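Q: Take this structure first; my questions come after.
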Amino acid sequence: MKFESLDGYFLCHVVSKKKVAKEILREQRVLHEMTQQQIADKAGIKIQQYQKFESGERSILTSSFQLACKVLRALEIDVNKFLDGEYALGGETTDGKHYNNTERLNSDNIDE
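In this text, residue positions in the sequence shown follow full-length UniProt numbering: the first is 1, and each later residue adds one.
Structural data, given as structure tokens:
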């Protein structure tokens with residue numbers, strides 16, 4: 001991972017394979033420095049449900065829309081962008097905006 005400073009902005013260039021939904025969930029949770037239990041509590045679901053999403057045992061993309069929205073909102077992921085196949089991780093920091101790599105999800109990069 002390489003970080004470059006750009007007048008108060010940080011761009012993160014990630015050289016890796018495309019991420020699947022479970023990796024996005026984990027990365028966003030770690031970015032917010034939260035435990036799986038905290039995310040489950042915030043989403044109002046059982047920890048076992050969340051663990052299945054993050055482990056890939058169950059795909060959030062095939063869960064009910066209501067459940068997916070609860071989890072994505074708890075992780076502060078834009079529901080529309082995520083379900084459209086895009087994701088953007090970022091948020092306000094003391095140094096300015098912090099952005100992570102954005103990619104597109106499609107059926108080719110979902111392990112099922």
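We put the beta carbon where it would ideally sit given N, CA and C, even for glycine. Please read all numbers here as calculations on a predicted model, not as lab measurements.
Provide the residue span of the alpha helix (DSSP H) that contains Lys42, from first to last.
A: If you number the sequence shown from 1, residue 42 lands on position 42. Taken as a continuous stretch (DSSP letters only), the alpha helix (DSSP H) holding Lys42 covers 36-43.
Q: Mapping DSSP to helix, strand and coil, what is Leu75?
A: On the sequence shown, position 75 is the one that residue 75 refers to. Leu75 falls in the coil class under three-state DSSP.
Q: Roughly how many angstroms lie between the CA atoms of Asp41 and Arg73, to the nearest whole one?
A: Position 41 of the sequence shown holds residue 41. Position 73 of the sequence shown holds residue 73. Going from the Cα of Asp41 to the Cα of Arg73 covers about 12 Å.
Q: Less than 8 Å between the CB atoms is what I'm expecting for Leu75 and Gln28, so what's the real figure, rounded?
A: By 1-based counting over the sequence shown, the position of residue 75 is 75. By 1-based counting over the sequence shown, the position of residue 28 is 28. The Cβ separation is near 4 Å, so the contact holds.
Q: Would you report the Cα separation of Ser63 and Ile47, rounded to the nearest angstrom?
A: Position 63 of the sequence shown holds residue 63. Position 47 of the sequence shown holds residue 47. Rounded to whole angstroms, Ser63 to Ile47 spans 15 Å at the Cα level.
Q: Let me know the secondary structure DSSP gives Ser55 once reduced to three states.
A: As a position in the sequence shown, residue 55 is number 55, starting the count at 1. The three-state secondary structure of Ser55, taken from DSSP, is helix.
Q: Is the beta carbon of Ser55 sitting closer than 8 Å to the one on Lys22?
A: In the sequence shown, residue 55 corresponds to position 55, counting from 1. In the sequence shown, residue 22 corresponds to position 22, counting from 1. Yes, these two residues count as a Cβ contact at 8 Å.
Q: For a quick check, are the C-beta atoms of residue 119 and Leu31 less than 8 Å apart?
A: Shown here, the chain extends from 1 to 112; a query on residue 119 therefore has no answer.
Q: Do Phe53 and Lys25 have their beta-carbon atoms positioned less than 8 Å apart in this structure?
A: Here residue 25 corresponds to residue number 25 of the sequence shown, with the count starting at 1. Here residue 53 corresponds to residue number 53 of the sequence shown, with the count starting at 1. The question names Lys, yet the displayed sequence has Leu at residue 25. Yes, these two residues count as a Cβ contact at 8 Å.
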